Amino acid sequence: MKILITSVPAGSGHVRAAEAVLAAIQKTAPGVEAVHIQVTDLVTAGFRRFYVDGYRVAVNRAPSVWGRVYRFWDKPPSGLTPLLYQAQRLCSTGFYEYLDRFQPDLILSTHFLVPQLLAAAPERLFRPPVEMIITDYDVHHFWVSNLVSRYYVAHEDMTSALAAYGVSPTRVVASGIPVHPSFSEPVSPSSVFRNLNLEPHRPVILMLAGGLGLNQLKDAVEKLFVIPGEIQIVTVAGKNEALRDQLDALKPPPSIKLVNLGYVDNMHELLAISDLVITKPGGLTVSECLARKKIMILFSPIPGQEEKNAEFLTLHKAAARARTLDDLPRLAAQLLTDRRARGVILWNIERCSRPRAAFTIAQSITQATRLAA
Numbered sequence: 000m001k002i003l004i005t006s007v008p009a010g011s012g013h014v015r016a017a018e019a020v021l022a023a024i025q026k027t028a029p030g031v032e033a034v035h036i037q038v039t040d041l042v043t044a045g046f047r048r049f050y051v052d053g054y055r056v057a058v059n060r061a062p063s064v065w066g067r068v069y070r071f072w073d074k075p076p077s078g079l080t081p082l083l084y085q086a087q088r089l090c091s092t093g094f095y096e097y098l099d100r101f102q103p104d105l106i107l108s109t110h111f112l113v114p115q116l117l118a119a120a121p122e123r124l125f126r127p128p129v130e131m132i133i134t135d136y137d138v139h140h141f142w143v144s145n146l147v148s149r150y151y152v153a154h155e156d157m158t159s160a161l162a163a164y165g166v167s168p169t170r171v172v173a174s175g176i177p178v179h180p181s182f183s184e185p186v187s188p189s190s191v192f193r194n195l196n197l198e199p200h201r202p203v204i205l206m207l208a209g210g211l212g213l214n215q216l217k218d219a220v221e222k223l224f225v226i227p228g229e230i231q232i233v234t235v236a237g238k239n240e241a242l243r244d245q246l247d248a249l250k251p252p253p254s255i256k257l258v259n260l261g262y263v264d265n266m267h268e269l270l271a272i273s274d275l276v277i278t279k280p281g282g283l284t285v286s287e288c289l290a291r292k293k294i295m296i297l298f299s300p301i302p303g304q305e306e307k308n309a310e311f312l313t314l315h316k317a318a319a320r321a322r323t324l325d326d327l328p329r330l331a332a333q334l335l336t337d338r339r340a341r342g343v344i345l346w347n348i349e350r351c352s353r354p355r356a357a358f359t360i361a362q363s364i365t366q367a368t369r370l371a372a
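Mapping the sequence shown onto numbering that gives the first Met the number 0, position 11 (from 1) lands on 10, and the numbers just tick up by one.
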């Protein structure tokens, strides 16, 4: 039995979702040959730059433009589809050749590009069944394809949202967004505090910019310097080295200890020691926080998918939202000290959290593949 898990590194969430399901399959079905690939490693360099670098530039430098693109493609003119397929087919020969060689029993995709490439492919191409994980808390036309036999979604309401695009509810499983099994496993807080040179009895605020590194993080950190009391702030700047340098240049007041990190692979440990998380609302990031039962303040969402994620979490009172950076100190101070406010959010986090989504999906796809065989 062979399962091909595909992702695209447009942001880090799609890749993390794929790695989460791969880890769950390896834990629960060791006899299955599961492989994870990033599809953009198998397309032309120009196509890869368009999809990966183009996305990064758009969301970091021109988020309002990305928001307009997002809304435009939610109902794209049908006349553009043949042109899109022709361009994708010409750029994706490497992916098609890989698929013909590997011949998986099933493709599980965490990004909408793969069904598009299969729809654009030559007729002779080997085509296994395709299942898809939607990695945000809302649905967009990007994700809809007749080639997808099953969708795994964040919550039950997305079933009716997909139905509006013509997707039968029988093709939808409200599994939750998959996070790595490590987010459900115990962590030794003392070792994490020691490694970061933090004090266990002082509150910790974890501030996340997302995998791309958001330049507004520096301004957000400075806003927190007015919070009364002794606190500790840990920042994660992702792969944005210039941002990390800017954070290192900050001079916090004596009551605040600031620890700045770049790209990390121990997010489950950082969350374990945090009293409050201030973050952009990426689908995987907020799902990881929910899995660890961490109170979040959401700020600076990317127009489009992250805006929808923020709307879902605030609607269900599972997170707070800072509409401007000036809101951050007030909200942070309240959520560090107000037990009632914390209790309400924690209760709603429990309702929204799906920490074992990766195992739900792993079980579903391995059973479906066995039955098909």
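All C-beta atoms, glycine included, are put in the ideal place defined by N, C-alpha and C.
Values in this document were obtained by computation on a predicted structure and should not be read as measured data.
Relative to the Cα of GLN102, the nearest Cα in the group LEU124, THR109, PRO328, SER299 belongs to LEU124.
Residue environment: GLU287 is assigned as buried (16 or more neighbouring CB atoms within 10 Å of its CB, all protein chains considered). Residues GLU229, ILE230, GLN231, LYS256 of the same chain have their beta carbon placed closer than 8 Å to that of ARG201, with the five preceding and five following residues left out of the count. Taking C-beta atoms under 8 Å as the contact rule, ILE360 and ILE2 fail to qualify, at a distance of about 11 Å.
The beta carbon of GLY303 is closer than 6 Å to those of GLY66, TYR69 in its chain, skipping five residues each way along the sequence.
Going by DSSP, VAL220 is part of the alpha helix (DSSP H) stretching over 216–222. Straight-line measurement puts the Cα of ALA319 at about 19 Å from the Cα of ALA271. The region 110–127 makes no contact with the region 279–296: fewer than 3 CB pairs, one atom from each, lie closer than 8 Å. Within the same chain, LEU297, PRO300, GLU305, ASN308, ALA309 come within 6 Å of PRO280 by CB-CB distance, once the 5 residues on both sides are set aside. Distance between THR278 and THR80, taken at the CA atoms: about 36 Å.
Rounded to the nearest angstrom, the gap between the Cα atoms of ASP247 and ASN259 is 7 Å. Distances from the alpha-carbon of ASP135 to those of ILE176, VAL171, ARG100 put ILE176 closest. The C-beta of GLN87 has 16 or more other C-beta atoms within 10 Å across all chains shown, which makes the residue buried. Shortest Cα-Cα distance from GLN366 to any of VAL147, PRO8, VAL31 involves VAL31. Residue burial annotation: HIS267 is buried, with at least 16 other C-beta atoms found within 10 angstroms of its C-beta. Secondary structure in the region 230–270: the beta strand (DSSP E) runs of 3 residues or longer, each lying completely within the stretch, are 230–235, 255–260 in chain order. In the structure shown, the three-state DSSP call for LYS292 is coil. Here CYS90 is near VAL42, since their CB atoms are less than 8 Å apart. Beyond the five residues adjoining it in sequence on each side, SER183 comes within less than 8 Å, by CB distance, of ALA290, PRO354, ARG355 in the same chain, given in chain order. When rounded, the separation of the alpha-carbon atoms in PRO188 and LEU83 is 50 Å. With a 10 Å radius around the Cβ and a threshold of 16 neighbouring Cβ atoms, GLY165 comes out exposed. In the DSSP assignment, ALA33 falls within the beta strand (DSSP E) that extends over 32–37. Collapsing the DSSP output to three states places SER190 in a helix. Taking C-beta separations shorter than 8 Å and ignoring five residues to either side along the sequence, the partners of PRO114 in its chain run SER108, VAL129, MET131, SER144, LEU146, VAL147, following chain order. MET157: not part of any beta strand (DSSP E); member of the alpha helix (DSSP H) spanning 156–162, first to last residue. For LYS26, the uninterrupted alpha helix (DSSP H) run begins and ends at 12–27, by DSSP. In this structure, ASP73 keeps its C-beta atom at 8 Å or more from the C-beta atom of HIS179.
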